[in-house]
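Mature numbering (1 follows the signal peptide of the UniProt record, and there is no 0) puts the sequence shown at residues -19 to -1, 1 to 580. We put the beta carbon where it would ideally sit given N, CA and C, even for glycine. What follows is a set of notes on a single structure, which appears directly below.
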Amino acid sequence: MQSSHLLIHALQTAGLVLANRLSENSSVTVVVLEAGKAHFEDPLVDKIDGWLQQMMKPDYDWEFFTVPQPHAHDKPARWSRGKGLGGSSAINLLGWTKPEPADIDAWEKLGNPGWNFKRLHEYIKKAERDVNNTIGTDGECHCFMDHRSTLIASRPNLSCLCADEHWCRSIVPEGNAYEVGPQTSGAYKMLSSIDPEKGTRASSVTGYLLPAIHRPNLKVLTEAYVNKFVTRHEGDKLTATGVEFEHGGNVYQVHATKEVILSAGAIKSPNILELSGIGDRRVLEPLGIPVLKDIPGVGANVQEHYTLTGLVLGESGERSVQNRWADGTKEMRQAPDAALSRPAHTSTATTKPEEATEAATYPPGLKEQYDIQLDILRDSQIPDLEIMLLPVSFAAPCKGLRTYELCSVCSHSTIVIGKPYISLPIVISHPFARGTIHISSADPKAAPLIDPRYFEEETERDILLEGFKFARKISNTSPFKDLVVAEVLPGPEVTEDRQIVVFNHVITFIDSAGSLSMMPQDKGGAVDPALRIYGCKNVRVVDLSVVPLTVSAHTQGMNAILITSVNTHLHPAVIVYGLAEMGLFLSPDFEIGNLCAGL
């Protein structure tokens, strides 16, 4: 009988970070199960513009959709999620930003002692490596970060050149210039998870898995689809005795004597628990799944950084932003070092509306969250919006798609193939809507029911509309307006709030959190401050699903921060208990070493 000490179900970024940290102990065998493919040396993953071609392709993307959204055209919205090693860090837009101190401090206020910015700040720095200390251009727009070695955060030449500078200089009079530190408001050139030495994407695969893959105690099995936990009752607690998964058309079980750690992301982690009989009985009973633990917080409190497609602008000049993006990505692949001599990738602006609608009557846990969010909303130093400058069109022509046009999300498109465009999508940093993610069937491979409840809270719509108006103002402000020929979408004639909402479509920003929130159970929580599922003796969750209140930052870095802090400082019991006492034993007919061969 073959044995391993730790099994990680790693559908998303956090799983590989956890595998790296835990396998540092050579006496511990770590097995990683990934439902997708490895995608090693895959150009669509490695290329920094590959995300444009990955989305909604089944080898790379889970191709999720929401249920129809009553307040967003009554249509489903696409929820892309990375499928394969690295999860969404292999398909995202490469943005790397830090959370606000108030965002992290909110976790402690919601009933989680020790989860505060002061204690996590060192792990925030440890999770990144900044490869160049300044942008290398004059003016107010500059950026400084600590040098740490794990995931790379850099400013390679990818797009925009003078457009970046014009964008920042048009916005700076509206607020303060940005330096990367505790605060994130202002106008700046966003860091990117790109390795400038190779000109390729930096993901949890390159940052955490590949540096550790030579360890004999680390095994990785791809195309292994986890169905559910195998469990038994011990008194009033539920104990996970193993995991059932499929691989190569066969079903296997891995048996655990102590603990099981779930790291499948904000969508799949609650799904696996529900398939195992752990969740809200109102969801499980109609599907014929025996309720082993009734935990209403499973699949609830979902938050997402979603975006309005915003403005699409026609750009002047032969050397367009869009063409420079294409040339820049080619140059990065052919001569990456040369690209460091010029400015950076994606530009971002953050702003804050002055007022928001007060919440009415809400359940106790949600009321506490909203009270914190309203305090954040009133703080002029904390951004509530992100406006990005992207060298792509968020609306496609009727016939065909060229490489640098993202997707057809607007039926009113007047985009012309071959013309250069700039998009200014508007992203909400602190959404007020609280959605749900639940299974739709007892079949593990059935698509989940994702309901983010877009625009259910009127405050969100008002905030995004303010962001849209601000972006339009900047597009008409020198020097940025000198690059713009015309506003293509929605068009300058669209001025009323109702018209703006109608012409804008909502898309996900691959930043879901909260579906297994770390809060007291009587306030809607699903895990305690030690990341244990309530009512379960030995099941813990380590991914963004535990975040009770999302942050005003791109969340790929939060996975690394979460794992690093749990592993080394906040909750040593998770690691000590897991490494010293947990044993995962494979069925006699299951040879994990053989299945992992060749990876």
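What does DSSP give as the partner residue(s) for residue i in the beta ladder?
| i | result |
| --- | --- |
| D215 | The question names Asp, but residue 215 in the sequence shown is Glu. DSSP, once it has assigned bridges, lists K218 as partnering E215. |
| Y233 | F226 |
| Q284 | A494 |
| Q480 | According to DSSP, Q480 bridges with nothing at all. |
| A205 | H228 |
| E468 | L294 |
| W77 | L172 |
| residue 584 | A question about residue 584 goes unanswered here, because the residues of the chain that appear run from -19 up to 580. |
| Y402 | G295 |
| M500 | Its beta-bridge partners do not exist; DSSP assigns none. |
| K518 | The partner list for K518 (beta bridge, DSSP) is empty, contrary to what the question assumes. |
| T181 | D176 |
| V527 | V527 pairs with nothing; no bridge assigned. |
| R513 | R521 |
| I72 | DSSP output for I72 lists no bridge partner at all. |
Rounding to the nearest angstrom, what Cα-Cα distance links residue i and residue j in this structure?
| i | j | result |
| --- | --- | --- |
| G230 | N93 | 42 Å |
| K90 | V532 | 14 Å |
| A534 | S526 | 16 Å |
| L497 | V520 | 12 Å |
| R415 | P277 | 14 Å |
| G559 | L366 | Confidence is the limiting factor: at G559 the pLDDT is only 27, short of 50, which leaves the residue's position unreliable and the question unanswerable from this model. |
| T536 | D492 | 6 Å |
| E240 | A221 | 7 Å |
| S130 | G188 | With a pLDDT of 36 at S130, under the threshold of 50, the predicted position of this residue should be treated as unreliable, and no value is reported. |
| E437 | K200 | 44 Å |
| A96 | S361 | The sequence shown places Trp at residue 96, not Ala. Cα to Cα, W96 sits roughly 24 Å from S361. |
| F98 | V26 | 32 Å |
| A428 | I420 | 7 Å |
| L405 | M499 | 34 Å |
| E81 | I363 | 7 Å |
| V186 | F490 | 21 Å |
| S456 | V482 | 19 Å |
| S174 | W88 | 26 Å |
| A237 | A511 | 19 Å |
| E477 | G448 | 14 Å |
| V232 | N208 | 9 Å |
| Q354 | R442 | 15 Å |
| V12 | N198 | 8 Å |
| V9 | A193 | 13 Å |
| K179 | K249 | 32 Å |
| K518 | P39 | 36 Å |
| Q350 | L530 | 7 Å |
| D275 | L(-4) | 30 Å |
| G472 | L446 | 15 Å |
| L191 | V264 | 39 Å |
| F45 | G68 | 14 Å |
| K56 | H214 | 42 Å |
| T203 | K64 | 11 Å |
Would you kindly check if the distance between the Cβ of residue j and the Cβ of residue i is under 9 Å?
| i | j | result |
| --- | --- | --- |
| F226 | A247 | no |
| A53 | V475 | no |
| L219 | I253 | no |
| W60 | T47 | yes |
| S184 | S70 | yes |
| Q467 | I407 | Per the sequence shown, the amino acid found at residue 467 is Ala instead of Gln. No; because the gap between Cβ atoms is not below 9 Å, this pair is not in contact. |
| V465 | I514 | no |
| V528 | P433 | no |
| L(-2) | S244 | yes |
| I270 | L256 | yes |
| H411 | L370 | no |
| T440 | A281 | no |
| I444 | I409 | yes |
| L66 | F21 | yes |
| G516 | D176 | no |
| I368 | G291 | yes |
| G505 | P344 | yes |
| A494 | Y287 | no |
| L273 | T181 | no |
Between residue i and chain C, is any beta-carbon pair separated by less than 9 Å?
| i | result |
| --- | --- |
| R263 | In the structure shown, chain C cannot be found, because there is only a single protein chain. |
Could you spell out where the beta strand (DSSP E) holding residue i opens and where it closes?
| i | result |
| --- | --- |
| D432 | L430 to D432 |
| T536 | Taken as a continuous stretch (DSSP letters only), T536 belongs to no beta strand (DSSP E), as it is neither H nor E. |
| T417 | T417 to H419 |
From what residue to what residue does the alpha helix (DSSP H) around residue i run?
| i | result |
| --- | --- |
| P82 | P82 to K90 |
| S456 | E439 to S456 |
| R262 | R262 to L265 |
| L355 | P345 to R359 |
| I253 | G246 to L256 |
Handout entry: Within the stretch 9 to 69, ranges of the beta strand (DSSP E) (whole runs, at least 3 residues)
Key = The qualifying runs are 11 to 14.
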